[in-house]
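First up is the structure itself, then whatever we jot down about it.
Residue numbers (our numbering): 182 to 385.
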């Protein structure tokens with residue numbers, strides 16, 4: 182009987198020592214929900230919202246009213262709370278102020294935030310004898326040379342001296358010449374203009 186009691190005591194002491202060495206069970210870190218900031222697009226200073234841009238409208242006091250919206254061709258957006266709010270032509274902060282003013286008629290202190298999730302309105306286009314023709318988003322200043330580089334450069338038979346930038350100004354279309362060979366040689370540098378939204382570079 183004494184031997185059995187001794188065995189039980191030794192077992193209990195050993196189990197206690199092992200439990201102390203193991204320490205407390207690790208606590209799993211709680212997953213944090215992604216905020217609107219985590220999906221923010223990189224917008225240049227003074228960015229103005231335009232049609233087809235995707236915006237995240239977040240009402241901190243009423244998450245059910247929050248969500249992503251696309252700026253319509255008429256420049257307006259709609260949310261579950263508000264209809265036909267003018268967005269195009271405003272900065273994100275200006276739109277935030279307008280939404281808060283409109284929403285305050287329905288909820289107390291809406292505290293809305295506006296984040297540009299995806300830029301679709303500031304696009305330039307390149308077509309013709311380049312490797313990757315198509316539309317490119319202007320997330321910052323971009324020259325003709327930079328656009329050509331983004332498009333993968335020229336195809337074999339591209340006429341590098343006859344490139345044209347097509348631009349709409351004051352409702353009419355103008356054409357700007359671009360001589361690639363002259364520009365890269367340090368001549369006619371004024372032709373390497375900074376592109377504007379809607380410009381189309383044609384490489385024959």
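Cβ coordinates follow ideal geometry from the N, Cα and C atoms, glycine included.
Legend entry - Proximity winner among 318, 246, 312, 293, relative to residue 222 (alpha-carbon distances): In the chain shown, residue 222 corresponds to position 41, counting from 1. The residue with the shortest Cα to Cα distance from residue 222 is 318.
Inset, instruction - Measure the Cβ-Cβ separation of residue 269 and residue 256 and say whether it is below 7 Å. - result: Translated into positions along the chain shown, residue 269 becomes position 88. Translated into positions along the chain shown, residue 256 becomes position 75. In contact: residue 269 and residue 256 (Cβ atoms closer than 7 Å).
Inset, instruction - Please state whether DSSP places residue 304 in a helix, a strand or coil. - result: As a first step, residue 304 must be located in the chain shown, where it is residue number 123. Strand, per DSSP.
Inset, instruction - Would you tell me roughly how many angstroms separate the C-alpha atoms of residue 363 and residue 342, rounded to the nearest one? - result: As a working note, residue 363 is residue 182 in the chain shown. As a working note, residue 342 is residue 161 in the chain shown. If you take the alpha carbons of residue 363 and residue 342, they lie about 8 Å apart.
Inset, instruction - Determine which residues share a DSSP beta bridge with residue 355 and list them. - result: Along the chain shown, one-based indexing puts residue 355 at 174. In the DSSP assignment, residue 355 forms a beta bridge with 348.
Legend entry - Beta-carbon spacing of residue 232, residue 309 below 7 Å: In the chain shown, residue 232 corresponds to position 51, counting from 1. In the chain shown, residue 309 corresponds to position 128, counting from 1. Not in contact: residue 232 and residue 309 (Cβ atoms no closer than 7 Å).
Inset, instruction - Kindly identify the DSSP beta-bridge partner or partners of residue 315. - result: Mapped onto the chain shown, residue 315 falls at position 134. Answer is 307.
Legend entry - Alpha carbon of residue 348 to alpha carbon of residue 262, nearest angstrom: Your numbering for residue 348 matches position 167 in the chain shown. Your numbering for residue 262 matches position 81 in the chain shown. One C-alpha to the other measures close to 39 Å.
Inset, instruction - Using beta-carbon positions only, say whether residue 365 and residue 335 come within less than 7 Å of one another. - result: As a first step, residue 365 is located in the chain shown; it is residue number 184 there, counting from the start. As a first step, residue 335 is located in the chain shown; it is residue number 154 there, counting from the start. No, the Cβ-Cβ distance between residue 365 and residue 335 is not below 7 Å.
Inset, instruction - Name the two residues that bound the continuous beta strand (DSSP E) containing residue 238. - result: Taking the first residue of the chain shown as 1, we reach residue 238 at position 57. Segment 235-240, the beta strand (DSSP E) holding residue 238.
Inset, instruction - Please list, in chain order, all residues of the same chain as residue 377 whose beta carbon is under 6 Å from its beta carbon, the five residues on each side excluded. - result: For the purposes of this step, residue 377 is taken as the residue at position 196 of the chain shown. Same-chain partners within the cutoff: there are none.
Legend entry - Residues near residue 307 by beta carbon distance below 6 Å, same chain, minus five either side: Counting from 1 along the chain shown, the entry for residue 307 is found at position 126. These residues qualify, in order along the chain: 314, 328, 332, 382.
Legend entry - Coil, strand or helix - residue 289 by DSSP: Within the chain shown, residue 289 is the residue found at index 108, counting from 1. Looking at residue 289 - three-state DSSP - the assignment turns out to be coil, as it is neither helix nor strand.
Inset, instruction - State yes or no: is the C-beta of residue 237 within less than 7 Å of the C-beta of residue 325? - result: For the purposes of this step, residue 237 is taken as residue 56 along the chain shown, with counting starting at 1. For the purposes of this step, residue 325 is taken as residue 144 along the chain shown, with counting starting at 1. It is not a contact, given that the beta carbons lie outside the stated cut-off.
Inset, instruction - Kindly list the residues whose CB is nearer than 7 Å to the CB of residue 303, restricted to its own chain and excluding five residues on each side of it in sequence; keep chain order. - result: Here residue 303 corresponds to residue number 122 of the chain shown, with the count starting at 1. These residues qualify, in order along the chain: 231, 318, 319, 378.
Inset, instruction - Look up residue 298 in the DSSP assignment and say whether it is helix, strand or coil. - result: The count along the chain shown starts at 1 and reaches residue 298 at position 117. Under the three-state reduction of DSSP output, residue 298 falls in the strand class.
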